[in-house]
Every structure is written in C-alpha cells, then in structure tokens.
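K.L.:
Numbers 3 to 161, taken from the working numbering, label the letters of the sequence shown in order.
Here a beta-carbon is modelled for each residue, glycine too, at the ideal position from N, C-alpha and C.
What follows is a structure written as structure tokens; I'll ask about it next.
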Amino acid sequence: IMVLGLCFGLATSAMAAEVTTEVTVTVNSIDELTVPSTVAITLDAVDGTTPTKYAQGTATDTNGLTYSHNSETSKKITATAAAGGTNGTNDIDLTVAIGTEAAGTVVTDGVGATAAVTLWTGIAAGGYEKDLTWTADASLAGTPADDYTFTVTFTTADV
C-alpha cells in the first residue's frame with residue numbers, strides 16, 4: 003500500500019529544496035560636470051550711460067552646465083581663469099553665473115582669477131542642468147579692437 007501511495011502522490015510529505023543567494027550592489031562615486039567648450043561674447047557698442055565703456059556683452063548657454071553627484075557631502079563649483087597667451091593689453095572684466103546664483107568675477111582687468119571663485123555651493127546629491135550666463139565689460143581706451151581669449155576652468159569640491 004505504501005508503494006502505491008508514493009506512486010500516485012498520496013504521500014503525506016512533499017520533497018522541496020530551498021537555497022538563498024546574497025546579492026551585492028556596488029555603487030561607485032559619481033561626480034560629473036560638463037560645460038560648453040566655447041563661448042563667444044562681442045563688445046560692439048558704446049555704453050549709453052558711460053560713453054568711455056563698451057556696452058556689456060552677454061552670452062547665455064541655456065542648460066549649459068550639467069552636474070551630477072551622489073556624495074553624502076554637499077558640493078560646490080568654483081572657477082579659475084587664465085588669459086590666452088596672445089591676448090594684447092586689455093581691461094576686460096568677465097563674470098559667469100550658474101542659474102540664479104550670484105555671478106562670480108573670473109577675469110579682472112584682463113587678468114584671470116588664480117584663486118578659486120565660488121560660483122555655486124551647498125549642492126545636494128542629484129542631477130542638475132543650469133544656465134550659464136557670461137558677461138564681459140571693458141573700457142574703450144583700455145581694450146582695443148581685437149580677439150581676447152580666456153580659459154575658464156570649473157572645479158567641483160566638497161563644501
């Protein structure tokens with residue numbers, strides 16, 4: 003009778019196997035910043051209020067800065083600048099603003115900022131797209147007609 007019960011599924015206990023798998027998910031550190039490789043600003047008119055200066059030139063890169071990080075520590079973005087090796091004498095002031103943050107001056111009287119200029123601080127983990135707004139200003143006497151190049155370097159760091 004027992005043999006018949008096993009053959010026809012009449013056994014009182016079923017055989018089962020159980021195993022477990024431990025899964026490890028590794029999350030690498032992410033700290034990615036992108037900005038446009040070039041920006042062009044033209045100073046081509048006299049300021050309506052101060053006739054010894056050019057009217058400010060501006061350029062806005064809509065969503066020109068993208069930044070992503072996953073650190074538990076808030077981050078900041080700073081910038082430094084260097085004048086191009088062929089720049090003639092000039093008194094250009096160049097500022098840059100990230101989104102609605104206050105603009106930071108990265109070039110003063112044609113000289114790039116060698117100390118980091120804080121542009122955005124307290125950045126929580128996440129992904130961001132922000133406008134970059136550039137403003138250039140100079141005097142007519144101090145900046146003759148020519149092309150002037152500045153290399154602006156953006157850096158991220160813990161706050």
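Mind checking Gly129: buried by the 16 CB within 10 Å criterion, or exposed?
P.N.:
exposed
K.L.:
Count the other C-beta atoms from every protein chain shown that fall within 10 angstroms of the C-beta of Val29, then say buried if there are 16 or more, exposed otherwise.
P.N.:
exposed
K.L.:
Under the DSSP definition of a beta bridge, which residues are partnered with Ala84?
P.N.:
Thr153
K.L.:
Count the other CB atoms within 10 Å of the CB of Ala115; is the residue buried (16 or more) or exposed (fewer)?
P.N.:
buried
K.L.:
Ser73 and Ala127 - do their beta-carbons sit closer together than 9 Å?
P.N.:
yes
K.L.:
For Ala1, which of helix, strand or coil comes out of DSSP?
P.N.:
Residue 1 lies beyond the range of the chain shown here (3 to 161); nothing can be said about it.
K.L.:
Counting along the chain, where does the beta strand (DSSP E) carrying Val119 start and finish?
P.N.:
119-125
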